[in-house]
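Here's the structure, in structure tokens; my notes come after.
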Amino acid sequence: MNAFMLPLVIGAPQIVLIVIVVLLIFGGRKIPELMRGLGSGIKEFKDASRDDDDTTRSSASDAKKVEDTK
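Now the structure itself:
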């Protein structure tokens, strides 16, 4: 492994340190609320990307229908 990449490797001690820092900053009561917000944000993002895919597919099929009628 490259010496440049070594600081980017995350192991168990780094994860434990991150969890401790998050607990100290936000406290135990605020974390579930933050996770709910994160989960709802991810759900909205997935729904929006799914809607975008559906719109793209329908517009592509409409364009194909127009080409077929020519």
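In the UniProt record's numbering, the protein residues as written are 1 to 70. Beta carbons: idealized from backbone N, C-alpha and C, even for Gly.
Per DSSP, what kind of secondary structure is PHE45 in: helix, strand or coil?
-> helix
If you draw a straight line from the C-alpha of GLY27 to the C-alpha of ARG57, how long is it?
-> 45 Å
Secondary structure of ARG29, DSSP reduced to three states | coil
GLY39 versus PHE4: straight-line alpha-carbon distance, rounded | 34 Å
Distance between ILE18 and PRO32 (C-alpha atoms, nearest Å) | 16 Å
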